[in-house]
Amino acid sequence: MSQEQRRARGEIRGLTGLRAVAALWVVAHHFWLFAPAEPWLRHLEPVGPLLRNGWLGVDLFFVLSGFVLAHNHVAVLGDRPGIRATAGFYWARLSRIWPTWMVVLTAVTAGLLVERQVLGEQPGSPLDAPTVLRQVLLVQVWDRPDHSATGPVGPGWSLSAEWLAYLAFPVLALVLHRLRRFRPTTLAVLALAAVTPFAYRCLTLGTHDWAWSWLLRLAGGFLAGALVALCVDRLRGRATVARAAARATSAASVLTLVAVWEADASGADRGGVAVLLFPVLVGGLALSDRGPARWLSRPVVVLGGRISFALYLVHMGVFETCWTLLDVVPVSGPSPVATLLSLAVAGLPLPAAWVLWRLVEEPARRRLLLLDPTRRADRLGTTGPRGGERFGADAPVPVRG
């Protein structure tokens, strides 16, 4: 394989923009779910089905993560696997997620300790040494059939799940490397099959939350995304593909909304059926810059995608801090001031995420990539701060759902 082939594929801006949409979907879901009751919230009821099913942003990010890793790394890890290549891959992934995670974990843990000292013991996750150590090592959900309440940073369960997928990926890459010559239709069917078990269970059980459901969501979404990446590689460059992909993306977007609304109307938690459309959505955006991809590629949306990992990690901490302060210094009764404060709380995670991305995530990632102990980062498309790790959908933003 040539050096040119080993370089990162470059940013697919439509997928970067999709990260922003998925992250904001989950942020809105958590605000809707946990915010203190405010009169103005009733005006959001027309989009209630979309807000109630915002946990699906987690599954969309699982598909995106599988796509990106396969798109960037299968050619190297599958073609010439080895200890150095695998270690370089792990270092690159750790450089991406761990510094930001540690800053947020430290800040949230410190805030909870202060809260417990000032306000007394509060219900919630324990803050003992074993719990914190599991958070630091990102293993907090691995032995838990239930992903909720695994630590002080609630969304961290899905980051722990992604870390498990990263550790398994070099082995999966060996299989994917041998599947890459399959016909595109075969790969597409396999991708659909990967997410079908979770969708089926949601339909039959009427819930997305059962014992070990997080593992099924991770495995299905991650594998589906990886198979879509192989399919995209086979289809790219064909004359008629871009137009068809734009139509497929538009159709998948509309059908996702229809699925969410219909599932919500059933009175049960069956929104998981929408995951069947996520491989189509991701594949379509990767193959075309028309239709929805044009809107998702706008600079402000792309910026939202780049800060989406930080937004995922920080948003609940920002919400909970603000809500605690409003409890301590309450605003009496419904009023314009209370409404403005509530709206301000809803928007605060965005500037907080930008600061975290600009001052922690990007500088730390670049520094750690330069310190790659394998000295072989170029084999994984991470030759510098703008190497493979800059690919648009690369950072995980799986969130609590």
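Under the numbering used here, the first residue of the sequence shown carries the number 1, and numbering increases by one thereafter. The beta carbon of each residue, even a glycine, is placed where N, CA and C say it ideally should be. All values reported here derive from a predicted model rather than from experimental measurement.
Run the CB neighbour count on residue i, radius 10 Å, all protein chains shown included, and call it buried at 16 or more, exposed below.
| i | result |
| --- | --- |
| residue 358 | exposed |
| residue 185 | exposed |
| residue 327 | exposed |
| residue 34 | exposed |
| residue 51 | buried |
| residue 45 | exposed |
| residue 268 | exposed |
| residue 342 | buried |
| residue 65 | buried |
Could you tell me the distance, in whole angstroms, from the CA atom of residue i to the CA atom of residue j?
| i | j | result |
| --- | --- | --- |
| residue 100 | residue 205 | 36 Å |
| residue 49 | residue 207 | 14 Å |
| residue 17 | residue 292 | 10 Å |
| residue 23 | residue 127 | 27 Å |
| residue 361 | residue 137 | 18 Å |
| residue 129 | residue 313 | 21 Å |
| residue 188 | residue 97 | 29 Å |
| residue 115 | residue 163 | 30 Å |
| residue 85 | residue 203 | 41 Å |
| residue 62 | residue 199 | 14 Å |
| residue 82 | residue 88 | 10 Å |
| residue 190 | residue 146 | 28 Å |
| residue 310 | residue 78 | 30 Å |
| residue 40 | residue 246 | 37 Å |
| residue 27 | residue 373 | 36 Å |
| residue 215 | residue 117 | 36 Å |
| residue 25 | residue 260 | 13 Å |
| residue 340 | residue 262 | 33 Å |
Subject >> Completely contained alpha helix (DSSP H) runs for the stretch 95-173, where each covers 4 or more residues >> reply: Runs found: 129-137.
Subject >> Every unbroken alpha helix (DSSP H) inside the stretch 274-353 [4 residues or more] >> reply: Here the runs fully enclosed are 278-287, 292-296, 299-306, 308-328, 336-347.
Original post:
Quick check: the stretch 59-76 against the stretch 227-236, are there 3 or more CB pairs under 8 Å?
Top reply: With the rule of 3 Cβ pairs closer than 8 Å, the stretch 59-76 counts as touching the stretch 227-236.
Subject >> Given 8 Å, three or more beta-carbon pairs between the stretch 164-178 and the stretch 148-156 >> reply: With a cut-off of 8 Å, the stretch 148-156 and the stretch 164-178 do not count as touching, because too few Cβ pairs lie within range.
Subject >> Length at least 4, wholly inside the stretch 198-261: the alpha helix (DSSP H) runs in chain order >> reply: List check, alpha helix (DSSP H) in window: 213-235.
**OP:** Check whether the stretch 267-280 touches the stretch 233-252, taking contact to mean three or more Cβ pairs, one atom from each stretch, closer than 8 Å.
**Re:** The stretch 267-280 makes contact with the stretch 233-252; the number of CB pairs closer than 8 Å reaches 3 or more.
Original post:
Does the stretch 255-273 touch the stretch 51-60, meaning 3 or more C-beta pairs lie closer than 8 Å?
Top reply: Three or more Cβ pairs closer than 8 Å define a contact, and the stretch 51-60 meets that threshold against the stretch 255-273.
Original post:
Counting Cβ pairs closer than 8 Å, one from the stretch 188-199 and one from the stretch 84-93, do we hit at least three?
Top reply: Too few Cβ pairs lie closer than 8 Å, so no.
**OP:** Any chance you could list the alpha helix (DSSP H) runs of at least 4 consecutive residues sitting entirely within the stretch 31-76, in chain order?
**Re:** Runs of the alpha helix (DSSP H) inside the stretch 31-76: 48-52.
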